[in-house]
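In our numbering, the protein residues as written are 145 to 382.
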């Protein structure tokens, strides 16, 4: 999965403010008061966020794409950050964590409410007592603003991005085309398709309650990457 996209992902994400993400996550970590430093990022991609946390935490990463993990391993290998190939809906690394993270609306890619409940139960099972889960989700307003006419276009010197968007049966489908500049007039074309689900606040909170995780804080953030909600959940201590 994402074999070709993994090669251009970091270029595509070059303007993402990972430092700001880390700052906002750190605020929630302080609020959540986990007992230890064992950290797992779900949907870790090429490891950019893990790279920023690895000096302060014992970091692990999990992603569904072996190609993304290969890039992450090259980036983080010297620091020996364990990486796992797996699905965030149902996972078990064999370790237990004090902090689990999932950012850039990765949880929105879980498009079935039953799978969303399974996801939160997996998070619960992989957390130590007193551990916390921090994730973000976007809403329908975010999608409408990103795709005002059903299309998002980003033209740069070395990369052109075209995302075509439609909603069918409650699922958001995004057909993405990337043109990366090679030399002269030559470009490489990469195509991917993504699916997202925009959940109602009630659905999210119901899925969380079914996992026995407790909502500690929900923050509306507009300063990182558009309007999104950051959730801080906690597994109660025994």
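By construction, the Cβ of each residue, glycine as well, lies at the ideal position given by its N, Cα and C atoms.
Residue i - DSSP class collapsed to helix/strand/coil
| i | result |
| --- | --- |
| residue 358 | strand |
| residue 270 | helix |
| residue 221 | helix |
| residue 312 | strand |
| residue 336 | strand |
| residue 157 | coil |
| residue 304 | strand |
| residue 369 | coil |
| residue 147 | No answer about residue 147 holds up, because its pLDDT of 47 lies below 50 and its placement is not dependable. |
| residue 264 | helix |
| residue 298 | strand |
| residue 388 | Look at the range of the chain in this structure, 145 to 382, and you will see that residue 388 is not part of it. |
| residue 162 | helix |
| residue 251 | helix |
| residue 291 | coil |
| residue 344 | coil |
| residue 233 | coil |
| residue 171 | helix |
| residue 285 | helix |
| residue 353 | helix |
| residue 176 | helix |
| residue 192 | helix |
| residue 259 | helix |
8 Å Cβ cutoff met for residue i and residue j
| i | j | result |
| --- | --- | --- |
| residue 179 | residue 238 | no |
| residue 206 | residue 217 | no |
| residue 187 | residue 276 | no |
| residue 296 | residue 355 | no |
| residue 341 | residue 252 | yes |
| residue 241 | residue 170 | no |
| residue 362 | residue 343 | no |
| residue 255 | residue 339 | yes |
| residue 162 | residue 192 | yes |
| residue 280 | residue 372 | yes |
| residue 379 | residue 197 | no |
| residue 331 | residue 152 | no |
Assumed close pair residue i, residue j - CB separation to whole angstroms, cut-off 8 Å
| i | j | result |
| --- | --- | --- |
| residue 194 | residue 174 | Their Cβ separation, rounded to whole angstroms, is 19 Å, which puts residue 194 and residue 174 out of contact at 8 Å. |
| residue 282 | residue 249 | 5 Å |
| residue 305 | residue 298 | 4 Å |
| residue 359 | residue 349 | 7 Å |
| residue 204 | residue 184 | 5 Å |
| residue 208 | residue 351 | Wrong, their Cβ atoms sit about 20 Å apart, outside the cutoff. |
| residue 270 | residue 236 | 6 Å |
| residue 286 | residue 370 | 5 Å |
| residue 303 | residue 324 | 5 Å |
| residue 213 | residue 278 | Not confirmed; about 21 Å, so no contact. |
| residue 312 | residue 294 | With a Cβ gap of about 12 Å, residue 312 and residue 294 do not count as contacting. |
| residue 110 | residue 318 | Past the boundaries of the shown model lies residue 110; the chain is included only from 145 to 382, so the question cannot be answered. |
| residue 215 | residue 262 | Actually they are not in contact, since the Cβ atoms of residue 215 and residue 262 sit about 28 Å apart, beyond 8 Å. |
Residue i - partner residues in DSSP beta bridges
| i | result |
| --- | --- |
| residue 228 | 206 |
| residue 245 | 185, 278 |
| residue 325 | 331 |
| residue 320 | 307, 336 |
| residue 212 | BP columns for residue 212 are empty, so no partner. |
| residue 375 | 279, 362 |
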